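Input: a single structure, listed below in structure tokens.
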Amino acid sequence: MSPKAAIGVSLFGFALDRGLKYFALNTPILADRGFMFGNAFGFRLHLNDAFAWSLPVPNNAALGLAAAALLVLVFLLIKKCAHPEWAGLVLVFFGALSNAADRILYGGVVDYLAVPFGGVVNIADALIVAGVVLLVLPRTKYAH
159 MSPKAAIGVS LFGFALDRGL KYFALNTPIL ADRGFMFGNA FGFRLHLNDA
209 FAWSLPVPNN AALGLAAAAL LVLVFLLIKK CAHPEWAGLV LVFFGALSNA
259 ADRILYGGVV DYLAVPFGGV VNIADALIVA GVVLLVLPRT KYAH
């Protein structure tokens, strides 16, 4: 992925995530019971005050970890802007930035996409996962 494409996808995902979080926070039905498409997918507001994968980490500690991670990501972005990993780092950065903003503004991460098996996630989580995949794939491609 080119640097321009990575930034474009990341900014679009960031803006979409922020907009859907605003919608979820301001739509009472999502807070009450949500809106499901069958039994699998839907929209439901969930304020996740735990850390990644719902680990029970206090919000102040989670904010500290998020700030440290964002600083490391900025450093890596500056250092690796010409490398293939750059696109993955950009996606992770914007996903982490959106979730960190939630912790500051709302005391937890705003999740709104209900997925099978009872989980609720957001677009920022998808940006982070996609970024990690882009970081790992080049390494596994040449591992054999």
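Residues in the sequence shown are numbered consecutively from 159, following my numbering.
Idealized CB from N, CA, C, for every residue including glycine.
From a predicted model like this one, the values you see are computed outputs, not experimental measurements.
1. How far does the beta strand (DSSP E) with residue 267 in it extend, from its first residue to its last?
2. For residue 216 and residue 244, I'd like the C-alpha separation in whole angstroms.
3. Would you kindly report the start and end of the unbroken beta strand (DSSP E) that includes residue 202?
4. For residue 278, does the three-state DSSP call read helix, strand or coil?
5. If you drop the 5 nearest sequence neighbours on each side, which residues of the same chain put their C-beta closer than 6 Å to that of residue 251?
6. Pick from 253, 160, 187 and 195: whose alpha carbon is nearest that of residue 227?
7. From residue 181 to residue 295, what does the alpha carbon distance come to, in whole angstroms?
8. Residue 264 and residue 178 look like a contact to me (Cβ under 8 Å); what is the Cβ gap, rounded to whole Å?
9. If we ignore side chains and look at the alpha-carbon of each, how far apart do residue 196 and residue 234 end up?
10. So does residue 199 have its beta carbon nearer than 6 Å to some heavy atom of the ligand MN?
Taking the definition as stated:
1. Translated into positions along the sequence shown, residue 267 becomes position 109. Per DSSP, residue 267 belongs to the beta strand (DSSP E) from 267-272.
2. Numbered from its first residue, the sequence shown carries residue 216 at position 58. Numbered from its first residue, the sequence shown carries residue 244 at position 86. Rounded to whole angstroms, residue 216 to residue 244 spans 31 Å at the Cα level.
3. Translated into the one-based positions of the sequence shown, residue 202 becomes position 44. Per DSSP, the continuous beta strand (DSSP E) segment holding residue 202 begins and ends at 199-206.
4. Numbered from 1 along the sequence shown, position 120 holds the residue referred to as residue 278. When DSSP states are grouped into helix, strand and coil, residue 278 belongs to the strand group.
5. Reading the sequence shown from its first residue, position 93 is the one you call residue 251. Closer than 6 Å at the Cβ level, and outside the excluded window around residue 251, lie 231.
6. On the sequence shown, position 69 is the one that residue 227 refers to. Residue 253 is the option with its Cα nearest to residue 227.
7. Reading the sequence shown from its first residue, position 23 is the one you call residue 181. Reading the sequence shown from its first residue, position 137 is the one you call residue 295. Spanning the two alpha carbons is a distance of roughly 34 Å.
8. Counting from one through the sequence shown, the residue named residue 264 turns up at place 106. Counting from one through the sequence shown, the residue named residue 178 turns up at place 20. At roughly 14 Å, the Cβ-Cβ gap does not stay under 8 Å, so residue 264 and residue 178 are not in contact.
9. Reading the sequence shown from its first residue, position 38 is the one you call residue 196. Reading the sequence shown from its first residue, position 76 is the one you call residue 234. Rounded to the nearest angstrom, the two C-alpha atoms are 42 Å apart.
10. With respect to the ligand MN, the structure offers nothing, as it holds no ligand at all.
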